[in-house]
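A.B. asks: What follows is a structure written as C-alpha cells; I'll ask about it next.
In full-length UniProt numbering, the protein residues as written are 1 to 553.
Written out as C-alpha cells, the structure is:
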C-alpha cells in the first residue's frame, strides 16, 4: 500500500499547479495542447513515483534515493506553482539561487530520510490536500458566519457596448439584443440608464474619466491627463480606487494586457490575463486572406502550449518547456500570436468572465472588484449562442477605414451591426450566467454592481466631423450603463446623462446636474452653422443642446 502511495503522490502533486495554470489561460484542458502538457507532467510524476517506489526501503542507498526523489518532486511543485527558483534569482542572482536550491534539496533529503517511515502517509496527505484545493468548486465555498466586512463593489467595463436606446431594432438581431440586455438587467434588479452616453470616443480617455468621476468640459478631447502615453497605456490617477480604499475595501483589478490600471497611487491586487492586440492579425487577414483555422494542428497545439507556459512564466521548469516549444515552432511568440489568435480577448471573454467570477466568490465581502473586458468589442468572433464564427474583420469607422460611402456604407453598416448584435446576445448570456452565480451568494446581496460601456459600437462612418452624422453620434457615443445598489430603484431611466456624470452621482453623490451639450467648432466667426466637432480652437466654439441618444435619429 505504501508503495502505491509513493507511486501516485508525485503525479498528483505535480498535476495540481498544472490544473491551476489552466485557470490562468484560455486553453481547454481537453485540447491537444492540454493533453500534451498533462501527459508530459504525468510521465514525469509517474517516473519519479516509480523511482521512489522501487528504491523504498532497499537499504540506506535506496532510502537516500527515495528521499532525493521526493525532494525533487516537492521542489518541482514549488517551482511550477510559485516560481521559487526565479524569485530567489531576482534577489541573489542565478548562481546564488542555484546554490541555495541545491542546499535546500540536501536539507530536504536529510529531513525526508529521517522521516522515511512516515513519508508515504505525509506525501499522500499533501497530495490529496493540494489536488482538493485546486479542483474545489468555488460555488461550494460558503460565507463565514462571523464575517462583518463592508459590502462588495463589482465594477465591469464592457468595451464598445452601445446603450440600450442606441440599439437600432430595425437592424439584424437588434430587437433581440435590446430585449435580451433589458431582460437580464431587469431580472437581476438593476437600474438601466437607457440613454446614457460616453463623453469620449477613445477608451484611454473615457474609462479614466469615468473612474475619476470627471465630467468637466475642460477634459482634453483625445488626450487624457490621467494616462501615460505609450504602447501599453498606464493610468496615473484613478480616484474611484482611492475612494474604495477610504471605505475600507481592498481593490482587485482584472485587466487585459492593453491598458494598465495597476500602476496608480492606489494599492491594488492586480490580475492581468493573457491577451494581445489583434489589429495586426486583422490587417494581415485583410491583405493576405486565409482563415486562421488553416493553421496546422500540430503548430496550433504548440502555440497553445506556449500560451499555457505564459501562465507560469516565472517557473524554471515551464521556461524549459517553453524554450523547446519555441524552437520547434521556429518563431517568436509575438509572430506566433499574430497568426494564431486562440487567446484573443474577444474569444477568451467567456473564460475570463468565469475567472473573474471565481475571484469574487473566493474573496467575498470587503473587496472592490474592477474588470475591463474587450467585449463585445470588434471583431465579432461569436454568434448569438457564443459559438466561434472564425470571422476576423475590423468594423469601426466605415468611411475613414474602408473608404465606404452612400449605399455601400449603409449596406456595410447593416451587415456589421448584425454580427455585432449577435455578439451582444452572447454578452447577455454570459452576464446572466455571471449574475446568477454571484447574486445567489448571500454575501453579495447588498453589493454595488456597475456595468457600463466605455463608448459606442463605433460602427459609424467615422469620428471626424467631415464624416459624422447624428446617426454616427449614436453609434460612437451611446453607451450602456446599469447599476444595482441598495437604495437605488430598479427599472429604466430615460434621462440623458454621461457615464462619467452617472459615476460621480453614484459614488460621490450631491453632484451638480449637467445639461448635456455638444461642443462644436465654428468654421469662422460668421453666422455659418455650427458643426458637431471636438474643441479645436477656444475662440471658435459653439455649445448646442445635445440630441437624444436614440437609434431613431
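Even for Gly, the Cβ is constructed at its ideal location relative to N, Cα and C.
#1: Let me confirm a value: residue 115 is counted as buried when at least 16 other C-beta atoms fall within 10 Å, else exposed. Which label applies?
#2: Does the Cβ-Cβ distance between residue 357 and residue 273 come in under 7 Å?
#3: Could you spell out where the alpha helix (DSSP H) holding residue 399 opens and where it closes?
#4: According to the neighbour-count rule (16 or more other Cβ atoms, all chains shown, within 10 Å of its Cβ), is residue 66 buried or exposed?
#5: For residue 186, tell me which candidate among 490, 215, 61 has the shortest Cα-Cα distance.
#6: On a Cα-Cα basis, can you pick out the residue from 46, 162, 369 that is closest to residue 499?
#7: Where does residue 56 fall in DSSP's three states?
#8: Hey, could you find the ends of the alpha helix (DSSP H) residue 439 is sitting in?
#9: I'd like to confirm the pairing. Which residues does DSSP put opposite residue 453 in its beta bridges?
#10: Identify which residue in 225, 102, 487, 170 has its Cα closest to the Cα of residue 205.
#11: Rounding to the nearest angstrom, what Cα-Cα distance links residue 198 and residue 470 in this structure?
#12: Please return the same chain residues whose Cβ sits closer than 6 Å to the Cβ of residue 203, not counting the five positions on each side in sequence.
#13: Looking only at its own chain, which residues have a Cβ that is under 7 Å from the Cβ of residue 413, when we skip the five neighbours before and after it?
#14: Kindly provide the ranges of any beta strand (DSSP E) runs that are 3 or more residues long and lie completely inside the segment 98 to 128, ordered along the chain.
#15: Let me check understanding here. Comparing Cα to Cα, which of 429, 377, 55, 193 lies closest to residue 120?
#16: Is it the case that the Cβ atoms of residue 480 and residue 452 are separated by a distance below 7 Å?
#17: Assign residue 178 to buried or exposed, taking buried as 16 or more other Cβ atoms, counted over all protein chains shown, within 10 Å of its Cβ.
#18: Using the beta-carbon count (16 or more within 10 Å), is residue 11 buried or exposed?
#19: In whole angstroms, what is the alpha-carbon distance linking residue 432 and residue 184?
#20: My understanding is that residue 379 touches residue 395, with C-beta atoms under 8 Å, so please give their C-beta distance in whole angstroms.
#21: Leaving out five residues on either side along the sequence, give the residues of the same chain with a beta carbon under 7 Å from the beta carbon of residue 112.
#22: Where residue 532 and residue 181 are concerned, what is the direct C-alpha to C-alpha distance, given to the nearest angstrom?
#23: Who are the near neighbours of residue 440 in its chain, counting only those whose CB is closer than 8 Å to its CB and skipping five residues on each side?
#24: Identify, in the order they occur along the chain, each residue of the same chain with its Cβ nearer than 6 Å to the Cβ of residue 494, setting aside the five sequence neighbours on each side.
#25: Look at the Cβ atom of residue 13, then the Cβ atom of residue 127, and state whether they are nearer than 7 Å.
#26: With distances taken Cα to Cα, identify the nearest neighbour of residue 2 among 123, 107, 429, 79.
#27: Compare the Cα-Cα distances from residue 271 to each of 210, 209, 237, 360 and report the closest residue.
C.D. replies: From the atom records:
#1: Here residue 115 is taken as the residue at index 115 of the chain shown, counted from 1. The residue is exposed, with fewer than 16 neighbouring Cβ atoms inside 10 Å.
#2: Locating residue 357 in the chain shown gives position 357, counting from the first residue. Locating residue 273 in the chain shown gives position 273, counting from the first residue. Contact: no.
#3: By one-based count along the chain shown, residue 399 stands at place 399. Per DSSP, residue 399 belongs to the alpha helix (DSSP H) from 398 to 402.
#4: What you label residue 66 is simply residue 66 of the chain shown in a count that begins at 1. By the 10 Å Cβ count, residue 66 comes out buried.
#5: Numbered from its first residue, the chain shown carries residue 186 at position 186. Considering only alpha carbons, the answer is 490.
#6: As a first step, residue 499 must be located in the chain shown, where it is residue number 499. Ranking the options by Cα distance to residue 499, first place goes to 162.
#7: Numbered from its first residue, the chain shown carries residue 56 at position 56. In this structure, residue 56 counts as coil in the three-state DSSP scheme.
#8: Counting from one through the chain shown, the residue named residue 439 turns up at place 439. Residues 406 to 439.
#9: Along the chain shown, read from residue 1 onward, the residue named residue 453 stands at position 453. Paired residues: 158.
#10: Position 205 of the chain shown, counted from the first residue, corresponds to residue 205. Out of 225, 102, 487, 170, 225 has the C-alpha closest to the C-alpha of residue 205.
#11: Taking the chain shown and counting its residues from 1, the one referred to as residue 198 is at position 198. Taking the chain shown and counting its residues from 1, the one referred to as residue 470 is at position 470. Computed Cα separation, rounded: 15 Å.
#12: In the chain shown, the residue the question calls residue 203 occupies position 203. These residues qualify, in order along the chain: 454.
#13: For the purposes of this step, residue 413 is identified with residue 413 of the chain shown, where counting begins at 1. So the qualifying residues of the chain are 398, 459.
#14: none
#15: Translated into positions along the chain shown, residue 120 becomes position 120. Among 429, 377, 55, 193, the Cα nearest to that of residue 120 is on 55.
#16: The residue labelled residue 480 in the question sits at position 480 within the chain shown. The residue labelled residue 452 in the question sits at position 452 within the chain shown. Taking 7 Å as the Cβ cut-off, residue 480 and residue 452 qualify as a contacting pair.
#17: Along the chain shown, read from residue 1 onward, the residue named residue 178 stands at position 178. Counting Cβ neighbours within 10 Å, residue 178 comes out buried, since at least 16 surround it.
#18: As a working mapping, residue 11 is identified with position 11 in the chain shown. Residue 11 comes out buried.
#19: Looking up residue 432 in the chain shown gives position 432. Looking up residue 184 in the chain shown gives position 184. Rounded to whole angstroms, residue 432 to residue 184 spans 6 Å at the Cα level.
#20: Stepping through the chain shown from its first residue, residue 379 is reached at position 379. Stepping through the chain shown from its first residue, residue 395 is reached at position 395. With a Cβ gap of about 7 Å, residue 379 and residue 395 count as contacting.
#21: Locating residue 112 in the chain shown gives position 112, counting from the first residue. So the qualifying residues of the chain are 67, 70, 71, 119.
#22: Within the chain shown, residue 532 is the residue found at index 532, counting from 1. Within the chain shown, residue 181 is the residue found at index 181, counting from 1. Low confidence applies here, because residue 532 scores a pLDDT of 38, under 50, leaving its location unreliable; read the following figure in that light. Roughly 30 Å between the two C-alpha positions.
#23: What you label residue 440 is simply residue 440 of the chain shown in a count that begins at 1. Excluding sequence neighbours, residue 440 sits near nothing in its chain.
#24: Stepping through the chain shown from its first residue, residue 494 is reached at position 494. Here the set comprises 194, 195.
#25: Locating residue 13 in the chain shown gives position 13, counting from the first residue. Locating residue 127 in the chain shown gives position 127, counting from the first residue. A contact, by the Cβ cut-off of 7 Å.
#26: Position 2 of the chain shown, counted from the start, is the residue given in the question as residue 2. Selected option, being the one with the closest Cα: 123.
#27: For the purposes of this step, residue 271 is identified with residue 271 of the chain shown, where counting begins at 1. Residue 360 is the option with its Cα nearest to residue 271.
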